[in-house]
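If you read the protein sequences in the order shown, they are chains A and B.
Here the working numbering is used: the first residue of the first sequence is 18, the next is one more, and so on.
Here the working numbering is used: the first residue of the second sequence is 13, the next is one more, and so on.
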Amino acid sequence: KAGVTQTPRYLIKTRGQQVTLSCSPISGHRSVSWYQQTPGQGLQFLFEYFSETQRNKGNFPGRFSGRQFSNSRSEMNVSTLELGDSALYLCASSSKPPDTQYFGPGTRLTVL
Amino acid sequence: LAKITQPISMDSYEGQEVNITCSHNNIATNDYITWYQQFPSQGPRFIIQGYKTKVTNEVASLFIPADRKSSTLSLPRVSLSDTAVYYCLVGDTGFGGGADGLTFGKGTHLIIQP
Chain A
18 KAGVTQTPRY LIKTRGQQVT LSCSPISGHR SVSWYQQTPG QGLQFLFEYF SETQRNKGNF
78 PGRFSGRQFS NSRSEMNVST LELGDSALYL CASSSKPPDT QYFGPGTRLT VL
Chain B
13 LAKITQPISM DSYEGQEVNI TCSHNNIATN DYITWYQQFP SQGPRFIIQG YKTKVTNEVA
73 SLFIPADRKS STLSLPRVSL SDTAVYYCLV GDTGFGGGAD GLTFGKGTHL IIQP
């Protein structure tokens with residue numbers, strides 16, 4: 018069974034731009050969570066989706082948003098990028114909450 | 013939210029057993045304890061999860077005392093490839109979060125030497 022895939026793997030943007038990251042969960046998984054990882058803050062929870070509904074949201078500004086489609090694929094969007102948004106963005110999927118989550122390889126976002 | 017404390021770093025040698033302890037004094041009744049391993053620039057990899065007592069799989073063992081205020085991840089006979097960051101995670105109703113979301117520790121950087 019294929020693992021969680023994330024696209025793109027690397028991304029370079031400039032301040033003020035917006036970006037959309039994509040996550041395809043493991044086949045059959047219906048829950049997708051997003052995390053931001055930076056050297057200073059570590060792993061921080063962004064949001065979790067299940068059956069196209071956002072279940073939980075971390076403490077991030079409204080510039081960070083996400084959605085989940087009927088096929089369980091998920092996207093997250095960051096608008097008006099700031100330098101501090103440079104991070105590794107990780108997606109994790111599970112069959113359903115609260116089952117074990119499996120992470121993808123991440124998208125490395127660099128904001129210049 | 014459960015406050016998590018784990019050592020920032022640990023050193024050991026190949027072939028040794030390594031025990032990493034995580035403190036979570038205010039763990040809630042519904043919280044599970046989960047450990048992940050992460051290599052640089054990769055997503056965390058699930059190692060083991062438990063609620064109480066002892067859990068063992070092909071990779072590690074997890075020891076949880078009766079009061080559940082701490083847990084110990086035990087890695088038997090480590091090798092150089094076990095050098096990684098290990099995260100202790102305490103989550104409401106398991107690793108999926110609840111109304112309070114998820115709580116990650118800062119991670120323990122384990123370095124295995126030959």
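Note that beta-carbon positions come from the ideal geometry of N, C-alpha and C, so glycine has one too.
Keep in mind it's a predicted model, so treat the numbers as computed, not measured.
Is any beta-carbon of chain A found at less than 9 Å from that of T105 (chain B)?
For the purposes of this step, residue 105 (chain B) is taken as the residue at position 93 of the second sequence. For T105 (chain B), the predicted model reports a pLDDT of 48, less than 50, meaning its position is unreliable and no value from the coordinates is stated.
Does any CB atom of chain B fall closer than 9 Å to the CB of T117 (chain A)?
Here the question's residue 117 (chain A) lines up with position 100 in the first sequence. For T117 (chain A), the answer is yes, since a Cβ of chain B falls inside 9 Å of its Cβ.
Roughly how many angstroms separate the alpha carbons of S93 (chain B) and I124 (chain B), rounded to a whole number?
In the second sequence, the residue the question calls residue 93 (chain B) occupies position 81. In the second sequence, the residue the question calls residue 124 (chain B) occupies position 112. Cα to Cα, the separation comes out at about 8 Å.
Out of curiosity, what's the CA-to-CA distance linking S73 (chain B) and G62 (chain B)?
Counting from one through the second sequence, the residue named residue 73 (chain B) turns up at place 61. Counting from one through the second sequence, the residue named residue 62 (chain B) turns up at place 50. Rounded to whole angstroms, S73 (chain B) to G62 (chain B) spans 10 Å at the Cα level.
Please compile the residues from chain A whose C-beta is within a distance smaller than 7 Å of the C-beta of G62 (chain B).
As a working mapping, residue 62 (chain B) is identified with position 50 in the second sequence. Here the premise fails: no neighbours, minimum Cβ distance about 12 Å.
Are three or more beta carbon pairs between the segment 52-60 of chain B and the segment 27-37 of chain B nearer than 8 Å?
no
Would you kindly report the start and end of the unbroken beta strand (DSSP E) that includes V36 (chain A)?
Taking the first residue of the first sequence as position 1, residue 36 (chain A) is located at position 19. Element bounds for V36 (chain A): V36 to S41.
Is S93 (chain B) helix, strand or coil when you go by DSSP?
Walking along the second sequence from the start, residue 93 (chain B) turns up at place 81. Helix.
Beta-carbon proximity check, L85 (chain B) vs N31 (chain B), cutoff 9 Å
Locating residue 85 (chain B) in the second sequence gives position 73, counting from the first residue. Locating residue 31 (chain B) in the second sequence gives position 19, counting from the first residue. The answer is yes: Cβ separation under 9 Å.
Report the residues of the segment 13-34 of chain B with a CB closer than 9 Å to any CB of chain A, ordered along the chain.
none
Do we get a CB-CB distance below 9 Å when we pair T46 (chain B) with the residues of chain A?
Taking the second sequence and counting its residues from 1, the one referred to as residue 46 (chain B) is at position 34. Interface residue, yes.
Can you find a CB in chain A that lies within less than 9 Å of the CB of Y98 (chain B)?
As a working note, residue 98 (chain B) is residue 86 in the second sequence. No, its Cβ sits nowhere closer than 9 Å to a Cβ of chain A.
With a threshold of 9 Å between beta carbons, is K66 (chain B) in contact with chain A?
By one-based count along the second sequence, residue 66 (chain B) stands at place 54. For K66 (chain B), the answer is no, since every Cβ of chain A falls outside 9 Å of its Cβ.
Can you find a C-beta in chain B that's less than 9 Å from the C-beta of F120 (chain A)?
Residue numbering aside, residue 120 (chain A) sits at position 103 when the first sequence is read from its first letter. Chain B, which has a Cβ nearer than 9 Å to the Cβ of F120 (chain A), makes this yes.
First and last residue of the uninterrupted beta strand (DSSP E) at R125 (chain A)
Looking up residue 125 (chain A) in the first sequence gives position 108. Run containing R125 (chain A): T124 to V128, per the beta strand (DSSP E) assignment.
Anything in the segment 47-60 of chain A with a Cβ closer than 9 Å to a Cβ of chain B? List those residues in chain order, please.
S48, S50, Y52, Q54, G59 and L60
Between V21 (chain A) and chain B, is the shortest Cβ-Cβ distance under 9 Å, so that the two count as touching?
Within the first sequence, the letter at position 4 stands for residue 21 (chain A). Judged by the 9 Å Cβ criterion, V21 (chain A) is in contact with chain B.
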